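Same order as they appear, the protein sequences are chains A, B and C.
Residue 301 in our numbering sits at position 301 of the first sequence; the count goes up by one each step and never skips.
Residue 416 in our numbering sits at position 416 of the second sequence; the count goes up by one each step and never skips.
Residue 61 in our numbering sits at position 61 of the third sequence; the count goes up by one each step and never skips.
Glycine included, each C-beta is placed from N, C-alpha and C at the ideal position.
On a predicted model such as this, the values are computed, not experimentally measured, just so you know.
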Amino acid sequence: MDFSHIPILSIITYIPLFGALAIVFLLPRENARLIKTVATFIAVLDFVVSLPLWWAFDRARDGYQFVEKASWIPSLGVDYHFGIDGISLVLILLTTLMGVIAIVCSFTAIEQRQKEYYVLLLLLQTFMIGTFCCLDLFLFYVFWEVMLVPMYFLIGVWGGQRRLYAAIKFFLYTLAGSVLMLLGIIALYFYNTTGFLSYKGLGHAPTFAIETMTAVAQQMPANLQIWLFFAFFLGFAIKVPMFPFHTWLPDAHTEAPTAGSVILAAILLKMGTYGFVRFSLPMFPDAVRHPKVVGIMVTLSLIGIVYGAMVTLVQKDMKRLIAYSSVSHLGYVMLGIFALNMAGVQGGILQMINHGISTGALFLLVGIIYERRHTRMISEYGGLAKPMPVFATYFLIMALSSMGLPLLNGFIGEFTILQGAFAKSFWWAFCAATGIVLGAAYLLWLYQRVFFGEVTNPANEKLADLTFREQLTLAPLVILALWIGLYPRPIFDVIRRPSEKIVAIVGGATMEAPAVASRVDEAGGAVPSVSADAPGAVRP
Amino acid sequence: MFTTKLSDWILLAPELFLTAAGLLMLGISVFLSKAREEFLGFVATLSVGITGALLTWVAARPDRKTPILAGSFVVDNFALFFKGLVLLSLLLAILASVRFVGRAPYPGGEYYALLLFSGVGMLFMVSGNNLITIYVALETMALSSYVLAGYFKGEIKSTEAAMKYFILGAFSSGVLLYGLSLVYGVAGKMGLPELAKLLSSTERSNLLMLGILLILAGLLFKIAAVPFHVWTPDVYEGSPTPVAAFFSVGPKVAAYAILARIFYVAFPKFHADWGLVVALVAAATMILGNVAALLQTNVKRLLAYSSIANAGYALLGVLGFSTEWGLWGVLVYLLAYTFMNFGAFTLVILLETKGYAGESVSDFNGLAQRNMPAAMVMLLFLLSLAGIPPTAGFIGKYYLFTAAMKAGYAWLAVLAVVMSAVSLFYYFRIASAMFFSEAAGAKLQSSYTLNAVVLICAVGTLVIGVAPQPFLAVLKSCVLQP
Amino acid sequence: MARPALLGEALSAGLLFLCGPAAGYLLGKWLGDALSLGRVPAWIGAALGLVSAFVHLVRLTSRVSK
Chain A
1 MDFSHIPILS
11 IITYIPLFGA
21 LAIVFLLPRE
31 NARLIKTVAT
41 FIAVLDFVVS
51 LPLWWAFDRA
61 RDGYQFVEKA
71 SWIPSLGVDY
81 HFGIDGISLV
91 LILLTTLMGV
101 IAIVCSFTAI
111 EQRQKEYYVL
121 LLLLQTFMIG
131 TFCCLDLFLF
141 YVFWEVMLVP
151 MYFLIGVWGG
161 QRRLYAAIKF
171 FLYTLAGSVL
181 MLLGIIALYF
191 YNTTGFLSYK
201 GLGHAPTFAI
211 ETMTAVAQQM
221 PANLQIWLFF
231 AFFLGFAIKV
241 PMFPFHTWLP
251 DAHTEAPTAG
261 SVILAAILLK
271 MGTYGFVRFS
281 LPMFPDAVRH
291 PKVVGIMVTL
301 SLIGIVYGAM
311 VTLVQKDMKR
321 LIAYSSVSHL
331 GYVMLGIFAL
341 NMAGVQGGIL
351 QMINHGISTG
361 ALFLLVGIIY
371 ERRHTRMISE
381 YGGLAKPMPV
391 FATYFLIMAL
401 SSMGLPLLNG
411 FIGEFTILQG
421 AFAKSFWWAF
431 CAATGIVLGA
441 AYLLWLYQRV
451 FFGEVTNPAN
461 EKLADLTFRE
471 QLTLAPLVIL
481 ALWIGLYPRP
491 IFDVIRRPSE
501 KIVAIVGGAT
511 MEAPAVASRV
521 DEAGGAVPSV
531 SADAPGAVRP
Chain B
1 MFTTKLSDWI
11 LLAPELFLTA
21 AGLLMLGISV
31 FLSKAREEFL
41 GFVATLSVGI
51 TGALLTWVAA
61 RPDRKTPILA
71 GSFVVDNFAL
81 FFKGLVLLSL
91 LLAILASVRF
101 VGRAPYPGGE
111 YYALLLFSGV
121 GMLFMVSGNN
131 LITIYVALET
141 MALSSYVLAG
151 YFKGEIKSTE
161 AAMKYFILGA
171 FSSGVLLYGL
181 SLVYGVAGKM
191 GLPELAKLLS
201 STERSNLLML
211 GILLILAGLL
221 FKIAAVPFHV
231 WTPDVYEGSP
241 TPVAAFFSVG
251 PKVAAYAILA
261 RIFYVAFPKF
271 HADWGLVVAL
281 VAAATMILGN
291 VAALLQTNVK
301 RLLAYSSIAN
311 AGYALLGVLG
321 FSTEWGLWGV
331 LVYLLAYTFM
341 NFGAFTLVIL
351 LETKGYAGES
361 VSDFNGLAQR
371 NMPAAMVMLL
381 FLLSLAGIPP
391 TAGFIGKYYL
401 FTAAMKAGYA
411 WLAVLAVVMS
421 AVSLFYYFRI
431 ASAMFFSEAA
441 GAKLQSSYTL
451 NAVVLICAVG
461 TLVIGVAPQP
471 FLAVLKSCVL
481 QP
Chain C
1 MARPALLGEA
11 LSAGLLFLCG
21 PAAGYLLGKW
31 LGDALSLGRV
41 PAWIGAALGL
51 VSAFVHLVRL
61 TSRVSK
């Protein structure tokens with residue numbers, strides 16, 4: 001399919017925006033059914049329109065595809081510049097899918113001010129997709145910041161008990177990180193043009209295009225790279241969330257409405273890791289390669305994995321438990337990325353998708369049970385497998401996926417990350433593996449307390465099992481989990497080229513691990529492509 | 001002995017007309033009864049409109065760039081931009097005041113006349129090319145403002161505000177005048193271009209530095225920077241809200257214009273000396289403005305401290321005068337600031353219940369439920385004030401941060417962005433009251449004129465944020481040539 | 001709050017004003033040396049330590065006054 005004349009990315013980005021405007025101006029507030037129908041239609045339309053990208057994307061080509069460029073603020077050198085590569089492609093598809101799921105799962109969860117709710121969800125969709133499509137740093141910053149506003153309202157209006165506190169904490173914390181990123185962007189801009197402080201600029205025409213900026217940043221002296229790395233680091237690390245900047249997460253996730261938690265976990269958290277992969281690694285390779293920097297990042301990731309898992313173990317609120325498990329999971333992603341080799345980076349990116357699927361599904365499931373009983377305390381439940389067997393099955397599958405059982409998606413990601421980490425240091429892999437054990441512990445223990453045994457609380461005896469609509473929201477995620485678990489090659493194919501490029505820039509050698517590969521072969525022919533076929537692909 | 005030609009007086013047409021309009025206002029008001037005061041508002045708006053038309057006519061004249069009146073009055077692009085901004089704030093202030101003046105038991109003719117005279121002062125200020133002209137125009141504006149602050153003669157808060165403003169303002173004007181006299185003593189000339197030429201060849205003398213410092217101090221009072229900001233919260237709280245709104249945009253913007261003109265044209269060589277002082281003042285202003293605003297429950301005081309903080313941000317642009325971003329950034333920011341600040345104040349006017357005092361944040365409670373468009377518009381202004389894209393405030397702040405980075409004040413830029421993030425907290429206290437609170441707030445009492453003001457401000461804030469290029473290009477051409 | 005507890009809290013808040021900036025300075029100095037960034041991280045660390053001491057004090061006073 002030839003999309004060279006259609007601005008397909010802009011269309012995908014702005015369909016939800018136009019849907020939101022249509023709902024605001026054309027639909028009456030009272031007709032909730034109509035609003036829900038229109039919102040679902042818009043989200044499904046967006047997903048369907050984004051699907052052809054998967055087939056139209058050329059996996060063998062380097063660089064960005066479906067590029068759109070128009071001048072926006074020439075005085076500053078800002079362009080309206082859209083384009084995707086493999087990494088953004090999978091994230092965009094995840095976003096559009098999650099958009100549909102989030103809207104459909106809210107039908108019965110949200111009773112008041114429904115019009116504003118669906119409008120905000122659709123607006124959030126636009127901003128999130130826009131962030132992934134951006135190829136201009138200034139535009140990226142705009143989308144990055146403006147994304148916070150609908151999320152703030154989603155948490156603050158339709159959230160739980162402590163929603164006001166959680167909402168402003170989320171907004172302020174994330175904003176504080178990203179404003180320093182703005183200074184980093186300005187510094188990059190000046191390095192490219194006329195220089196600032198004691199650094200002489202390169203004297204080029206002003207621009208914010210990511211490709212140009214990446215090339216410019218790579219030429220910076222090492223210590224300036226380190227400064228800018230930390231400027232960007234703060235913005236992204238808070239979003240990831242990395243230890244010790246993770247404290248906004250439990251409150252935001254727990255107090256948000258179900259769809260809010262799903263979107264937060266599935267997409268918003270990926271923004272941080274996406275930022276590292278798209279910006280920090282390619283732009284500041286000297287900083288990233290610096291052994292102390294790697295040491296700091298890996299230490300923080302490992303602390304995130306292990307500490308996150310340990311705190312998860314002691315949670316009494318289901319939603320909070322899953323929220324903390326996100327900290328642990330994203331520690332894996334960061335570990336993979338900072339292993340700086342093909343296995344690590346590819347595993348990290350895949351795990352981003354996996355985390356979105358499994359944690360998103362877990363939040364959906366908790367939301368479903370919360371709608372029934374209006375409590376999230378584990379002690380209130382027990383033996384749910386009896387009245388709700390279908391629910392128990394879905395929960396089991398997604399819990400196993402989250403914990404990384406083979407045949408499901410989590411295993412592929414975790415395994416590849418461990419491969420990458422092991423290639424750099426035995427101890428990294430060892431600590432990460434401890435995290436896996438703890439992960440199994442908290443998930444299985446949760447499952448046992450909630451589902452197995454006798455029905456201890458009489459309120460649980462007559463609970464209704466999953467409705468068709470609820471199954472509709474969960475089924476795609478289960479299918480994806482199984483598909484990626486059994487046959488991850490398509491995803492690896494899509495992300496291979498961008499990962500190679502990144503790894504080549506940061507100077508890590510491509511990894512060979514034939515012994516491991518044969519064992520994975522037995523698991524069903526799912527071999528992550530570890531660049532054995534592209535030795536000459538080291539492109540500076 | 002200087003000669004004037006008719007063509008010179010033509011360039012003064014907007015100012016002359018506005019003066020006449022003010023006098024006419026005073027005259028008419030004697031004959032009109034209280035009930036017909038809306039007519040006065042209409043006349044005032046019309047006068048501002050005609051002044052604007054005259055301004056456009058003057059702008060189109062090919063010979064306007066040369067200074068007239070012995071070089072003390074110049075209508076360059078810089079002056080034109082600021083005159084436009086002054087007229088805009090006058091227009092917004094008059095429209096916002098119509099209902100309020102009609103209801104207050106005090107004569108309205110004087111109110112409008114004072115506004116117009118204050119406008120005349122500002123129009124002369126921004127065109128002034130000579131220290132004395134600038135000073136006289138500044139005093140004209142200031143004296144009208146002092147009286148306006150005390151418009152509610154019967155309310156003790158208003159009278160107190162006027163007294164504070166007058167005493168502190170007079171004192172700062174004295175300081176300014178002393179500084180001017182010292183500079184005159186050293187240089188022997190009052191015209192700004194002559195000063196620039198003379199001072200470029202003069203040595204730094206202590207007397208000259210003292211003079212510059214005193215001028216800076218006097219002007220910092222007018223823009224409400226630390227430590228000369230003490231008058232702002234009390235005066236804004238005590239004055240009638242439309243007057244406070246006007247103070248926060250018109251006189252502040254005009255004061256920035258003369259600050260820019262004096263320090264850009266006359267004293268650029270001494271940037272290294274006053275640069276550090278301004279940097280410290282900017283840092284202190286940003287910190288104090290934002291931190292103090294965190295503690296406020298009265299919306300007017302909160303907005304007062306917020307405008308103090310905004311003055312601090314704009315000083316970043318002043319620091320960057322040696323770069324291309326400095327003055328340009330100040331212009332962009334002041335344009336954005338006029339729209340967003342006046343819009344925020346107008347929302348406060350719309351919610352005023354007890355007619356005068358006690359506008360607390362709780363007045364905004366539940367506004368989203370009762371009147372969603374008003375809440376959305378206020379949200380837009382709050383986002384713009386906090387510097388969240390895609391609003392005008394973000395574009396302005398971006399320019400200021402860029403100017404600070406370029407001028408070498410990276411630490412100040414870091415402080416500015418951090419303070420900018422902090423400011424979100426108190427701005428969103430209002431948003432939280434509007435959208436999240438179920439409690440009962442004040443009733444929204446709208447009128448055509450107030451709605452028009454809000455609409456103008458909202459459109460301005462949004463358009464400059466989303467499509468800033470035309471404005472940026474125009475403002476680039478308005479930058480002074482040193 | 002009981003008097004001894006109050007005294008303890010006040011002393012700890014005061015102590016934090018000393019230890020916070022010091023710890024931040026040392027941490028920043030280590031970071032600056034490790035990454036060869038000079039002395040700037042040390043000052044940033046000291047500033048952050050000071051800010052955290054202030055935040056602790058503010059939280060303490062709001063807790064006590066409640």
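CA-to-CA distance, residue j to residue i, given in whole angstroms
i	j	result
residue 73 of chain B	residue 329 of chain B	24 Å
residue 81 of chain B	residue 477 of chain B	10 Å
residue 375 of chain B	residue 434 of chain B	6 Å
residue 38 of chain A	residue 362 of chain A	26 Å
residue 240 of chain A	residue 418 of chain A	19 Å
residue 291 of chain B	residue 214 of chain A	38 Å
residue 537 of chain A	residue 59 of chain A	The predicted model places residue 537 of chain A with a pLDDT of 37, which falls under 50 and marks its position as unreliable; any figure quoted below should be read in that light. Cα to Cα, the separation comes out at about 14 Å.
residue 237 of chain B	residue 296 of chain B	12 Å
residue 550 of chain A	residue 413 of chain A	Here chain A covers residues 1 to 540 and nothing more, so residue 550 of chain A does not appear.
residue 331 of chain A	residue 305 of chain A	5 Å
residue 61 of chain C	residue 52 of chain C	14 Å
residue 473 of chain A	residue 395 of chain B	41 Å
residue 519 of chain A	residue 340 of chain A	Since pLDDT at residue 519 of chain A reaches only 41, below the 50 mark, its modelled position is unreliable, and the value read off the structure follows with that caveat. Between residue 519 of chain A and residue 340 of chain A, the C-alpha separation is close to 23 Å.
Residue i - partner residues in DSSP beta bridges
i	result
residue 196 of chain A	A:199
residue 69 of chain A	A:81
residue 134 of chain A	A:82
residue 209 of chain A	A:136
residue 130 of chain B	B:191
residue 68 of chain B	B:73
Helix, strand or coil at residue i according to DSSP, with G and I counted as helix
i	result
residue 454 of chain A	coil
residue 251 of chain A	helix
residue 451 of chain B	helix
residue 424 of chain A	helix
residue 76 of chain B	coil
residue 8 of chain A	helix
residue 290 of chain B	helix
residue 219 of chain A	coil
residue 147 of chain A	coil
residue 377 of chain A	strand
residue 43 of chain A	helix
Element boundaries [alpha helix (DSSP H), containing residue i]
i	result
residue 82 of chain A	Unbroken run through residue 82 of chain A is the beta strand (DSSP E), 78 to 84; no alpha helix (DSSP H).
residue 469 of chain B	469 to 477
residue 301 of chain B	299 to 319
residue 399 of chain B	392 to 406
residue 495 of chain A	489 to 506
residue 434 of chain B	410 to 436
Residue i: CB within 8 Å of a non-hydrogen atom of the ligand SAM
i	result
residue 122 of chain A	No copy of the ligand SAM occurs in the structure displayed, which carries no ligand at all.
Report the start-end ranges of each alpha helix (DSSP H) in the segment 311 to 359 of chain A that is 4 residues or longer and not cut off at the edges. Listed in chain order, the alpha helix (DSSP H) runs fully inside the segment 311 to 359 of chain A are 318 to 338, counting runs of at least 4 residues.
Just to confirm the assignment: which complete alpha helix (DSSP H) runs, minimum length 4, are found wholly within the segment 354 to 380 of chain B? Listed in chain order, the alpha helix (DSSP H) runs fully inside the segment 354 to 380 of chain B are 367 to 370, counting runs of at least 4 residues.
Could you tell me which whole beta strand (DSSP E) segments of length 3 or greater appear in the segment 6 to 40 of chain B? DSSP runs (the beta strand (DSSP E)) wholly in the segment 6 to 40 of chain B: none.
Taking only runs that begin and end inside the segment 228 to 296 of chain A, name each unbroken alpha helix (DSSP H) of 4 or more residues, in chain order. As far as the segment 228 to 296 of chain A is concerned, its whole alpha helix (DSSP H) runs of at least 4 residues are 248 to 255, 258 to 263, 269 to 275 and 285 to 289.
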